[in-house]
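As you go down the protein sequences, you meet chains Y and H in turn.
Sequential numbering of the first sequence, starting at -11, is according to the working numbering.
Sequential numbering of the second sequence, starting at -11, is according to the working numbering.
Don't be surprised by glycine CBs; every beta carbon is placed ideally from N, CA and C.
Number of protein chains: 2
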Amino acid sequence: MGPIRSTRDAERTRAALLLAGRSVFAERGYEGARTQEIADGAGVNKAMINYYFGGKQGLFSAVLLDGLSDAISAVAPLRRDEDPPMQRLSTFIDTMASFFRQSPDVVLILVREQMGGARHIESEVRRRFFDFFRTTREILGEGLASGRIRDVDAHSTHLILVGSLTYYLLTEPARVTYASHGDAPGAAPSWETHVRNVRELFLRGLAAERLHKEER
Amino acid sequence: MGPIRSTRDAERTRAALLLAGRSVFAERGYEGARTQEIADGAGVNKAMINYYFGGKQGLFSAVLLDGLSDAISAVAPLRRDEDPPMQRLSTFIDTMASFFRQSPDVVLILVREQMGGARHIESEVRRRFFDFFRTTREILGEGLASGRIRDVDAHSTHLILVGSLTYYLLTEPARVTYASHGDAPGAAPSWETHVRNVRELFLRGLAAERLHKEER
DNA sequence: CTCGTAACTAACCAACTAGATAGTTAAAAG
DNA sequence: CTTTTAACTATCTAGTTGGTTAGTTACGAG
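Structure representation (structure tokens):
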């Protein structure tokens, strides 16, 4: 397995800072994040942030780029599917859900970025982002053509889908706080329950009304 | 019309600070907001924040309470309503939507706070916040009892509803940026279109399946 | 072995920020 | 007019933060 803890390892230090930074930036936001807290979280001297990333801003950009590469590879396999629309929709939701669950901190950072006008998101990343939406639009278009999905605004529907999943994650830190203070409004649903609920709402809510009971 | 600018006016100063605070907190977050910027925005001396609100934290709570009071008073009459569940649900969505559109900054502040564990939100604000969820749960419970709404997880469904509306608002700054860069993925739907889409998805997606076509 | 350098540390600092405070003034009360 | 006080300002301060820097140590090349 090699040495568990060597005294010096540039790559390990870099990775530790990226990981700690992802967590702290997601929780506190850029301004709220303290470089000392990130360094402590990484088990590294604060000066290493400057040494490797040129400062707080540089680390933030690096965290964002690093986190987004996961997202991009997660979305890649989505568009080759040729299942019927409802099946594709279901698969799409599950794929998104699994990425969201896998990298919640990246989602939180992206939410903050979008609230701030997405100033630090570069165009390549942006392009990939739009692929999410294009997939939704494609599925909905197919479903409309084949009479399985009713006529809805694709952009709006996409926002509902992503928003439903995102909102669960962004409220999670608050739920933890509420629970620890004992004034929670009831137990929260699990992620799996939530995703199932989202999927069910979409499948039922988007289905075209049957004119007769002609479907086989 | 009275004097447009009197030299001293406690109420006007308070209101100006609340308004400026709402805007700056929404844009920068609690940590990112500078009391000096808020004071400047209100055209008032920085010390007035301490004088009237006891400090940054006090102003923040006041901004939140002020912003939520509109929402609460708007939602309050919904609970004695005796319309059928589906009608109540529809009204609830419209009421939330109109508050969201009217006070988007309050929504953004709440999103930021929840991502950070709601550490700046005091219990009074928290209590009021839960009223939203209680209303959803009440409507769904009624609907289930009367057989009009299928059995769904109330908490999860509430998150979907609020998340759908919230996500539209929090992505708005990003859409502005995308549009100005010319690489938008198509025109965004209007708020009204989005709300109509949300309402329709919920009404269809939550409806209990009719066992026969016995409904009158 | 020894030397150069990348990796790392501890201490420091300039800049900034929320809040305090002492003093000033408008305006209401009598 | 005088008094009182709420409303307001200019200035200061204690504490924090991101970043710098001089110095130290591990490590690989030759």
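{"Check": "Close beta carbons around Ile127(H), own chain, < 7 Å, minus the five adjacent residues each side", "Outcome": "Pro73, Arg76, Leu77, Phe80"}
{"Check": "Proximal residues to Gly131(Y) (C-beta, below 6 Å), its chain only, five neighbours per side dropped", "Outcome": "Pro73, Ile137"}
{"Check": "Contact set between the segment 121 to 134 of chain H and chain Y, restricted to residues whose Cβ is under 9 Å from the partner", "Outcome": "Phe121, Arg122, Arg125"}
{"Check": "Nearest candidate by alpha-carbon position, reference Leu189(H), set Ile148(Y), Pro173(Y), Ala167(Y), Val12(Y)", "Outcome": "Ile148(Y)"}
{"Check": "Chain H within 7 Å of Leu98(Y), Cβ atoms only", "Outcome": "no"}
{"Check": "Min CB distance Gln45(Y) to chain H below 7 Å", "Outcome": "no"}
{"Check": "Within chain Y, the residues that Pro8(H) reaches when beta carbons sit closer than 7 Å", "Outcome": "According to the sequence displayed, residue 8(H) carries Ala and not Pro. Correct list: empty, because the minimum Cβ distance to chain Y is about 18 Å."}
{"Check": "Collapsed DSSP secondary structure at Ala27(Y) in the structure displayed", "Outcome": "helix"}
{"Check": "The segment 44 to 57 of chain H / the segment 154 to 168 of chain H touching (three or more Cβ pairs under 8 Å)", "Outcome": "no"}
{"Check": "Check whether Leu96(Y) and Ala175(Y) have beta carbons under 7 Å apart", "Outcome": "no"}
{"Check": "Chain Y within 7 Å of Met84(H), Cβ atoms only", "Outcome": "no"}
{"Check": "Any 3 or more C-beta pairs closer than 8 Å across the segment 99 to 119 of chain H and the segment 30 to 42 of chain H", "Outcome": "no"}
{"Check": "Completely contained alpha helix (DSSP H) runs for the segment 87 to 133 of chain H, where each covers 4 or more residues", "Outcome": "92 to 103, 111 to 133"}
{"Check": "Within 7 Å, strictly: CB atoms of Val183(Y) and Ser152(Y)", "Outcome": "no"}
{"Check": "C-beta neighbour in chain H for Pro(-9)(Y), strict 7 Å", "Outcome": "At Pro(-9)(Y), the pLDDT of 40 sits below 50, so the modelled position is not reliable; the number obtained from the coordinates is stated separately. Chain H, which has no Cβ nearer than 7 Å to the Cβ of Pro(-9)(Y), makes this no."}
{"Check": "Local conformation of Leu194(Y) per DSSP, three classes", "Outcome": "helix"}
{"Check": "Near-chain Y residues of the segment 168 to 186 of chain H (beta-carbon distance less than 7 Å), N- to C-terminal order", "Outcome": "Asp171, Pro173, Gly174, Ala176, Pro177, Thr181, His182, Asn185, Val186"}
{"Check": "Nearest-angstrom Cα separation, counted from Ala167(Y) out to Ser11(Y)", "Outcome": "21 Å"}
{"Check": "Beta-carbon proximity of Val32(Y) to Ala4(Y), cut-off 7 Å", "Outcome": "yes"}
{"Check": "Between the CA atoms of Gln45(Y) and Ala8(Y) - distance to the nearest angstrom", "Outcome": "15 Å"}
{"Check": "Cutoff 7 Å: Asp93(Y) Cβ touching any chain H Cβ", "Outcome": "no"}
{"Check": "Short CB-CB distance (under 7 Å) between His146(Y) and chain H", "Outcome": "no"}
{"Check": "Cβ shell of Thr154(H) (< 7 Å), same chain only, five flanking positions each side left out", "Outcome": "Val95, Val99"}
{"Check": "Sequence-distant residues of the same chain with beta carbon closer than 8 Å to Asp58(Y), five excluded per side", "Outcome": "Phe87, Gln90, Ser91, Val94"}
{"Check": "Opening and closing residue of the alpha helix (DSSP H) in which Val63(H) lies", "Outcome": "44 to 63"}
{"Check": "Cβ neighbour criterion (16 or more within 10 Å) applied to Pro177(H)", "Outcome": "buried"}
{"Check": "Contacts around Gly18(Y), its chain only, beta-carbon distance under 7 Å, and the 5 residues preceding and following it disregarded", "Outcome": "The residue you asked about is not Gly; residue 18(Y) is Tyr in the sequence shown. Within the same chain, Tyr18(Y) has close Cβ partners Phe48."}
{"Check": "Where Gly(-10)(H) sits in the DSSP three-state scheme", "Outcome": "Residue confidence is low: Gly(-10)(H) scores 36 on pLDDT, short of 50, so the model does not pin down where it sits. Its coordinate-derived value is still stated next. Coil at Gly(-10)(H), not helix or strand."}
{"Check": "Closest residue to Arg16(Y) among His108(H), Met84(H), Ala50(H) (Cα-Cα distance)", "Outcome": "His108(H)"}
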